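In the numbering used here, the protein residues as written are 7 to 114. Structure, as structure tokens:
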């Protein structure tokens, strides 16, 4: 074989004069039928690697958040939507009432 070092520092090792000659003529290995590059490009050889890799489905997982345990979250989810809507409106009214009582105190 023969080593060739390009100006950019890349080292090429040629097995024979034929490979060296084609490299210096800038002929792409993909165009030459006898090269591994051509065989890879045209899917020759390796027949056993036809099965696609299986991806695992992600399992849904629920965990507690700050200020609420997992049981509380599950209870809320199990409630009927109407009950949840009523609770939400009630909480909004309470918040409004709290805001209205705070405003006169802040105005003083």
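By construction, the Cβ of each residue, glycine as well, lies at the ideal position given by its N, Cα and C atoms. As the structure is a prediction and not an experimental result, all values here were calculated from the model.
Contact belief for residue i with residue j at Cβ below 8 Å, rounded distance in angstroms
{"i": "residue 69", "j": "residue 76", "result": "7 Å"}
Residue i versus residue j - alpha carbon distance
{"i": "residue 33", "j": "residue 63", "result": "46 Å"}
{"i": "residue 87", "j": "residue 97", "result": "15 Å"}
{"i": "residue 81", "j": "residue 71", "result": "14 Å"}
{"i": "residue 67", "j": "residue 99", "result": "34 Å"}
{"i": "residue 78", "j": "residue 85", "result": "11 Å"}
{"i": "residue 16", "j": "residue 8", "result": "14 Å"}
{"i": "residue 26", "j": "residue 46", "result": "21 Å"}
{"i": "residue 50", "j": "residue 74", "result": "59 Å"}
Three-way DSSP call (helix, strand, coil) for residue i in this model
{"i": "residue 64", "result": "coil"}
{"i": "residue 75", "result": "coil"}
{"i": "residue 9", "result": "strand"}
Closest Cα partner of residue i within the set the options
{"i": "residue 21", "options": "105, 52, 41 and 92", "result": "41"}
{"i": "residue 24", "options": "14, 12 and 38", "result": "38"}
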